[in-house]
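*Asks:* Chains as they are written, first to last, in my numbering: chain A, 487 to 798; chain B, 487 to 798.
Number of protein chains: 2
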Amino acid sequence: MSDVGAGSAADASTAFLDRLLKAGVLIPMGADGVYGRGAVFEHILEGLDALATRAGAGDGAERVRFPPVMVRRHFEHSGYMKGFPQLAGTIHCFCGDERAHRALLRCMEAGEDWTTGQAASDVVLTPAACYEVYPMLAARGGLPEAGALVDVMSWCFRHEPSTEPTRMQLFRMREYVRVGTPAQVEAFRMDWMQRAVALIESLGLPHTIEVANDPFFGRPGKLQADIQRSQQLKFELLVPVNDGAEPTACLSFNDHQNHFGALWGVATPDGAVAHSGCVAFGLERLTLALLRRHGLDPATWPTPVRGVLWRP
Amino acid sequence: MSDVGAGSAADASTAFLDRLLKAGVLIPMGADGVYGRGAVFEHILEGLDALATRAGAGDGAERVRFPPVMVRRHFEHSGYMKGFPQLAGTIHCFCGDERAHRALLRCMEAGEDWTTGQAASDVVLTPAACYEVYPMLAARGGLPEAGALVDVMSWCFRHEPSTEPTRMQLFRMREYVRVGTPAQVEAFRMDWMQRAVALIESLGLPHTIEVANDPFFGRPGKLQADIQRSQQLKFELLVPVNDGAEPTACLSFNDHQNHFGALWGVATPDGAVAHSGCVAFGLERLTLALLRRHGLDPATWPTPVRGVLWRP
C-alpha cells in the first residue's frame, strides 16, 4: 500500500469517519474533530481505561485526575508556546459591566466578531495529561529514594481541525508518569514498552513500534524534532486505523530527560535534577483502532478480546 | 445558624477546603476553583456516577458523552451570552506564522500580555452538559411519540474563581434530559424529584428541595430570575456542605418549557414545538457533601452508604 497517494488515504479516513457517524458510534457536533461519543464508543473506551489500570496495578502509582484545564501561569512556564503554539487553546472570558454586555449583544446580533472583547482568563486547555504532574511534585519538595509514579488521565486539547477521525481536537489521554533518577525513568520506559506490546497483542491489534518526534512548530522545530529522534527520546506504538494511510500512534513512550525536572525544580534525594518519562495511552485512538480492526459491533468481536476488555 | 455572618461562612468554607487540600483529597493547581482530584475523591465520584446510572436504568435513556467543548456557532445560537456572559469561556488559538511566533515569544519573555494575539477558535467550553443534546436531536428530525430521553455527562466550565470548595471552575455534570410533550417533561421532572430524594436519603445526606433560579446577569437578569421562580421552572436539592453557610445545590430539576425546542426546531409528532427538562447531578458537589457529612476517609463511612455507592 506504500504507493497509495495522500488523496486516497484522506478518502479512506473520511469513509471510516462516515461509517462511525452513520452508526452513531460518534455523533457530529458541527466542527471537524469535535464529536459526541455514543454508548458503544464509551463502553470500549472504559474497557481500555480499566485495562490500563490493571496493566499498572501493583506498581503503587498515585492516582490523580486533573480537569481539562491548567493554570495559565504554569502553562506559560512550561514552554509549550515555544514548541507547539499552533496546538494550544487559551480560555477567554467576558469581564465587563451591563453596558459592555449590551454592546456585546448588539455585536452578536449584527453578526460581527464579538470575541475580541473577551479577556484571557487564568486557565488554558490542558495540552497533555502530565503537564500538571511536575508542578504538583515540585510543590511537595524533594523526591523520595523511590522517585514518584503518578497515574493521570485528562481531556486534552489540540487545535488541529481534521476529518481524519484519529485527529480529534478533544481527546482523553491516560498516562503513567515516572519521575526520579535517569536509571529509574529508563527502566520504567523499557518495561512499559514490553507491557504495552503484550497488551496490544491481547487486543488482537497489529502494531509496530517506531522512533518518533513531537510536532514542533516551524523551522527551529525541525531541529528539535531531529534531536528528539536521534536520541530516541520518543517511541510510538502504531496501529493501522485508516486504509491506505500511515498507521496511527496509539501509545507513546517518552523520555523527557531533565527537561521538566529543571523547569519546575524537582530534585532526587542526592540533589540532582530529576529526570522524567511517561507512557501515554491515546484512549480515543485505541478505541478507533479496535473499531477498525474488529468492526463497529463489539458483540461480534473475538471472545478473547472481549474477555480482555470487559472482564466477565 | 441563621445569624452567622458572611465572614464566618467564608471562613468555614475555606477551612473545609484547607482540610481537603491537606488530606490530598483535592490537589492545588495554582488557581481558585481549579483542583486536581485525588484517588479518594475520584472513587467517591465514580460511585455517584454509577449510582446515577442505576437510578435511571430501565428508562431506556440514550447514553452520549460529550467532550468539554461545544461548537461556537451552536453556543452563539443558544443565547448563553445573553443570560450568563460572566460565566462563559471561549477558546482562542495562535494562527500566525513563524514571524508572528517570534513576536509572541518576545512578548512572553518581556512579561507582556501575549494573549491579545490569540484568535477565537470554533469551540467554547461547555457551559452545561445538556446544551449539545438539542442540536443533536434537531439534526435527527422530528421526535417519535415517546419523545427522547438522553443520558449525558460532561465537564462544564463556569468562570467564577472562588475559595468556596463547591464553586469550582471546572466540574462534571451528569444529566438525564427529557424532550417531548409538556406532559412527558413534567412527569419526568416530578418522578426524578422523588427518585433523587430516595437516592440522597440512601446516602445519609440531610437535604431540602427549594424553588431556585439560574444566575442571570445584570438587572434584566433579575426579571428573568423572578419569572423562573414564580413559574417554579427550577427546583434544587440542597445539602449542607459549608458550616454556617447556606446549603449547596447538588441536584437541579429543570423545566425549560419550549425554550430549547423553539431555539433548535425540535418538534413532537403532532408538529408542536417540543418541551424539554432535565435532572442534573453536580457530581463534584455531591462528592463534597458526602466528604463533609461522613468524613474524609470512606473506609469509616456507614456500611449502608458504602453499600449504596460501591456495590459489593
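Every residue, glycine too, gets a C-beta built ideally from N, C-alpha and C.
At the level of alpha carbons, what is the spacing between residue 709 of chain B and residue 737 of chain B?
*Replies:* Cα-Cα distance, rounded: 23 Å.
*Asks:* Report the residues of the stretch 618-642 of chain A with a CB closer than 8 Å to any CB of chain B, ordered along the chain.
*Replies:* Those would be 618, 621, 622, 625 and 641, in chain order.
*Asks:* Could you give the distance in angstroms between the alpha-carbon of residue 675 of chain B and the alpha-carbon of residue 740 of chain B?
*Replies:* Spanning the two alpha carbons is a distance of roughly 7 Å.
*Asks:* In angstroms with no decimal places, state the Cα-to-Cα distance between residue 612 of chain B and residue 639 of chain B.
*Replies:* Cα to Cα, the separation comes out at about 11 Å.
*Asks:* Would you mind telling me which residues of chain A sit closer than 9 Å to residue 616 of chain B, beta carbon to beta carbon, in chain order?
*Replies:* Near residue 616 of chain B there are no residues of chain A at all, since even the closest Cβ is about 12 Å away, more than 9 Å.
*Asks:* Since residue 603 of chain B and residue 582 of chain B should fall inside the 8 Å C-beta cutoff, what is the C-beta to C-beta distance between them, to a whole number of angstroms?
*Replies:* That pair is a contact at about 7 Å.
*Asks:* What separation, rounded to the nearest whole angstrom, lies between the Cα atoms of residue 620 of chain B and residue 501 of chain A?
*Replies:* Rounded to the nearest angstrom, the two C-alpha atoms are 26 Å apart.
*Asks:* If you count every other CB in all the chains shown that lies within 10 Å of the CB of residue 734 of chain B, and 16 or more means buried, which is it?
*Replies:* The residue is buried, with at least 16 neighbouring Cβ atoms inside 10 Å.
*Asks:* Is the beta carbon of residue 766 of chain A sitting closer than 8 Å to the one on residue 650 of chain A?
*Replies:* No, the pair does not count as a contact, with Cβ atoms beyond the cut-off.
*Asks:* Kindly indicate if chain B contains any beta-carbon less than 8 Å away from that of residue 608 of chain A.
*Replies:* So, interface residue.
*Asks:* Give the single residue among B:704, B:771, B:712 and B:698 whose Cα lies nearest to the Cα of residue 727 of chain B.
*Replies:* Nearest C-alpha to residue 727 of chain B: B:771.
*Asks:* Output yes if chain A places a C-beta closer than 8 Å to the C-beta of residue 764 of chain B; else output no.
*Replies:* So, not an interface residue.
*Asks:* Quick check on the burial criterion: 16 or more other C-beta atoms within 10 angstroms. Buried or exposed for residue 589 of chain B?
*Replies:* With fewer than 16 other Cβ atoms within 10 Å, it is exposed.
*Asks:* Could you tell me whether the stretch 512-527 of chain A touches the stretch 547-557 of chain B, using the rule of 3 or more Cβ pairs below 8 Å?
*Replies:* Cβ pair count under 8 Å is three or more, so yes.
*Asks:* Within the 8 Å Cβ cut-off, does residue 557 of chain A reach chain B?
*Replies:* Answer yes: the Cβ-Cβ gap between residue 557 of chain A and chain B drops below 8 Å somewhere.
*Asks:* Determine, using beta-carbon pairs with one atom in the stretch 743-758 of chain B and one in the stretch 526-534 of chain B, whether at least three such pairs fall under 8 Å.
*Replies:* Short answer: they don't touch.
*Asks:* Please go through the same chain and pick out, in chain order, the residues whose beta-carbon is closer than 6 Å to the beta-carbon of residue 664 of chain B, but skip the five residues on each side of it.
*Replies:* Answer for residue 664 of chain B: 635, 671, 674 and 763, listed in chain order.
*Asks:* Verify whether the separation of the beta carbon atoms of residue 561 of chain A and residue 511 of chain A is less than 8 Å.
*Replies:* No, these two residues do not count as a Cβ contact at 8 Å.
*Asks:* Among the residues of its own chain, which have a CB less than 6 Å from the CB of residue 777 of chain B, if the five just before and after it don't count?
*Replies:* Excluding residues within five positions, none has a Cβ falling inside 6 Å.
*Asks:* Can you pull out the residues from the stretch 570-603 of chain B whose beta carbon lies closer than 7 Å to at least one beta carbon of chain A?
*Replies:* Residues passing the 7 Å Cβ filter: 571, 572, 574, 575, 576, 577, 578, 579, 580, 584, 587, 590, 591, 594 and 601.
*Asks:* Looking at the C-beta of residue 544 of chain A, does it have a partner C-beta in chain B at a distance below 8 Å?
*Replies:* False, the Cβ-Cβ gap to chain B never drops below 8 Å.
*Asks:* What residues are listed by DSSP as bridge partners for residue 657 of chain B?
*Replies:* DSSP, once it has assigned bridges, lists B:642 as partnering residue 657 of chain B.
*Asks:* What would DSSP say about residue 722 of chain A, mapped onto helix, strand or coil?
*Replies:* Residue 722 of chain A: strand per DSSP, three-state reduction.
*Asks:* Determine, using beta-carbon pairs with one atom in the stretch 564-579 of chain A and one in the stretch 531-550 of chain A, whether at least three such pairs fall under 8 Å.
*Replies:* Judged by Cβ distances under 8 Å, the stretch 564-579 of chain A makes no contact with the stretch 531-550 of chain A, as fewer than three pairs qualify.
*Asks:* Considering only C-alpha positions, which residue in the set B:711, B:606, B:586 and B:540 is nearest to residue 796 of chain B?
*Replies:* Nearest C-alpha to residue 796 of chain B: B:540.
*Asks:* Using a Cβ-Cβ cut-off of 7 Å (strictly less than) and excluding sequence neighbours within five positions of residue 794 of chain A, which residues of its own chain qualify?
*Replies:* Only 537, 688 and 689 meet the Cβ criterion.
*Asks:* Is DSSP giving residue 530 of chain B helix, strand or coil here?
*Replies:* Looking at residue 530 of chain B - three-state DSSP - the assignment turns out to be helix.
*Asks:* Assign residue 720 of chain A to one of two classes, buried (16 or more other C-beta atoms within 10 Å of its C-beta) or exposed (fewer than that).
*Replies:* Burial call: buried.
*Asks:* Which bits of chain B does residue 550 of chain A rub up against, with CB to CB less than 8 Å?
*Replies:* Within 8 Å Cβ-Cβ: 513, 522, 523, 524 and 525.
*Asks:* How big is the Cα-Cα spacing for residue 525 of chain A and residue 747 of chain A?
*Replies:* Cα to Cα, residue 525 of chain A sits roughly 40 Å from residue 747 of chain A.
*Asks:* What do you reckon, are the CB atoms on residue 769 of chain B and residue 725 of chain B nearer than 8 Å?
*Replies:* Going by C-beta atoms, residue 769 of chain B is not nearer than 8 Å to residue 725 of chain B.
*Asks:* Mind checking if residue 516 of chain A is an interface residue toward chain B, Cβ cutoff 8 Å exclusive?
*Replies:* Closer than 8 Å: yes.
*Asks:* Please report how far the alpha carbon of residue 514 of chain B lies from the alpha carbon of residue 630 of chain A, in whole angstroms.
*Replies:* The alpha-carbon atoms of residue 514 of chain B and residue 630 of chain A are separated by roughly 20 Å.
*Asks:* For the beta strand (DSSP E) containing residue 481 of chain A, name the first residue and the last one.
*Replies:* Since the first residue of chain A shown is 487 and the last is 798, residue 481 of chain A is not available in this structure.
*Asks:* Can a CB atom of chain B be found closer than 8 Å to the CB of residue 745 of chain A?
*Replies:* No, no contact with chain B.
*Asks:* Do residue 587 of chain B and residue 749 of chain B come within 8 Å of each other at the CB atom, strictly closer than that value?
*Replies:* No, the pair does not count as a contact, with Cβ atoms beyond the cut-off.
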